[in-house]
Structures are given as structure tokens and as C-alpha cells.
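Visitor: There's a structure below that I have some questions on.
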Amino acid sequence: MSHPFDPYSVLPPVEGFTLRSDDIADGRTLDVAQRSGLFGAPGRDRSPHLAWTGHPAGTRSFAVTCYDPDAPTGSGFWHWAVHDIPATVTELPTGAGDSGGERLPAGARTLANDMGERRFLGAAPPPGHGPHRYFFVVHALDVDRLDLTPEATPAWLGFHLFAHTLGRAMLVPVFEIPA
24 MSHPFDPYSV
34 LPPVEGFTLR
44 SDDIADGRTL
54 DVAQRSGLFG
64 APGRDRSPHL
74 AWTGHPAGTR
84 SFAVTCYDPD
94 APTGSGFWHW
104 AVHDIPATVT
114 ELPTGAGDSG
124 GERLPAGART
134 LANDMGERRF
144 LGAAPPPGHG
154 PHRYFFVVHA
164 LDVDRLDLTP
174 EATPAWLGFH
184 LFAHTLGRAM
194 LVPVFEIPA
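Going by our numbering, the first residue of the sequence shown is number 24, and it counts up by one from there.
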């Protein structure tokens, strides 16, 4: 069963900034494009368009993550994790998270999601489990690059984000599959 816990509420507060998207919105049901065909639901596994403004002065790079805290795992589920996005980049097109990362900016690095794929994995909660929230977050960082190995996990990225985040912007759409 879903609950209202915000996984970012337990972290130290940071400056907020604005995140918008042509594809997703707070509280809105995810479209088929952002649902998972790879995980068994009707979907296309396309990462949404994301654009951000007003990030803190001193931002030297960005990371983008998508996390479902409502997954029935005890640890949530990481759908997407990208870091080392240059500070000059303030927008990712729809599909930037496709396999291969050709639509990501030069230098950006994608970590394997919790399915083990280096790409965006769309929503596919268990039927009847209730609504799941998908935290799409842009993290403004105080370093040009994070020194992570290609084998690093999104949770390890999160540990590094804890130490380097100046600001955070998020959109939280939802999705559920009826029983």
C-alpha cells in the first residue's frame, strides 16, 4: 500500500528551483510513453522531457534521477539515474534516457537502474498495489563531475548527491495498474 512519505524530506533542506516538462506533471497519471514495456506493462520506456530554471548560483553540474518509493521492495525502485550533466545544460529532450544515451549531453553518464539496464525504465507497479509516485528530480551540484565508477548504483549516487547538492527541483507524477 502506498503512503505519503517523501524520500527527500529526510535529507537536509536545500534551495529549490523550477522543473517543468512537456510530458509529466505533479500528481498527473503517467502517459503510456513513460510506462514500461520492458517490465511487462503496456508502455514505451521513454524518459520525459525535463527543463529547469532558477538553479542556485555556484551550480557546476546536474544529476537527474527517477525513484519510486512505493515499490514493494523495502528500498523503493530506481528507474533512472544520470550524473555529470554540464551546468550549461538546462533541458533534456523526451527520450534522453533511451538505451545508448545518444540524446544526453556530452559527458553525462547513466547508471544502471534497479532492473540492471543503463536507461530509463518506465512505470510498472504490481497490479492492485495502488498508486505509485515517481520522483523525477534534478539535483544542482557543487562539483563538475562525481567520481563514480560505471558499476556504481543509484543509491551510491544518492550518497554522493547528499554531500554535493546545492538545490533540488522535482515533479512527482503517479501511476497504478488496477487489480
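Heads up, the beta-carbon is just placed ideally off N, CA and C, and yes, glycines get one too. All values reported here derive from a predicted model rather than from experimental measurement.
#1: Taking the C-alpha atoms as reference points, what is the distance between residue 137 and residue 191?
#2: How would you call residue 55, buried or exposed, if buried means at least 16 neighbouring beta carbons within 10 angstroms?
#3: Looking at C-alpha atoms only, which residue of 139, 169, 113, 170 is the closest neighbour of residue 160?
#4: Less than 8 Å between the CB atoms is what I'm expecting for residue 193 and residue 158, so what's the real figure, rounded?
#5: Might you give, ordered along the chain, the residues of its own chain that have their beta carbon closer than 6 Å to the beta carbon of residue 77, omitting 5 neighbours on each side?
#6: What residue range is occupied by the uninterrupted alpha helix (DSSP H) comprising residue 177?
#7: Would you say residue 164 and residue 98 are within 8 Å of each other, going by their C-beta atoms?
#8: Identify every residue that forms a DSSP beta bridge with residue 108.
#9: Closest by CA to residue 79, which one among 166, 102, 59?
#10: Pick helix, strand or coil for residue 24, following the three-state DSSP scheme.
#11: So is residue 26 buried or exposed if we call it buried at 16+ other beta carbons inside 10 Å?
#12: Taking DSSP as the reference, what is the three-state secondary structure of residue 90?
#13: In whole angstroms, what separates the C-alpha of residue 169 from that of residue 111?
#14: What is the DSSP secondary structure of residue 56, counted as helix, strand or coil?
#15: Quick check on the DSSP output: what are the complete alpha helix (DSSP H) runs of length 4 or more inside the stretch 30-76, in order along the chain?
Guide: In brief:
#1: 22 Å
#2: exposed
#3: 113
#4: 6 Å
#5: 40, 41
#6: 177-187
#7: no
#8: 85
#9: 166
#10: Low per-residue confidence applies at residue 24: pLDDT is 37, beneath 50, and the placement is therefore not dependable enough to give any value.
#11: Confidence in residue 26 is poor, its pLDDT being 49 and thus under 50, which makes the residue's placement unreliable; the coordinate value appears in the next sentence. Exposed, because fewer than 16 other Cβ atoms sit within 10 Å of the Cβ of residue 26.
#12: strand
#13: 16 Å
#14: helix
#15: none
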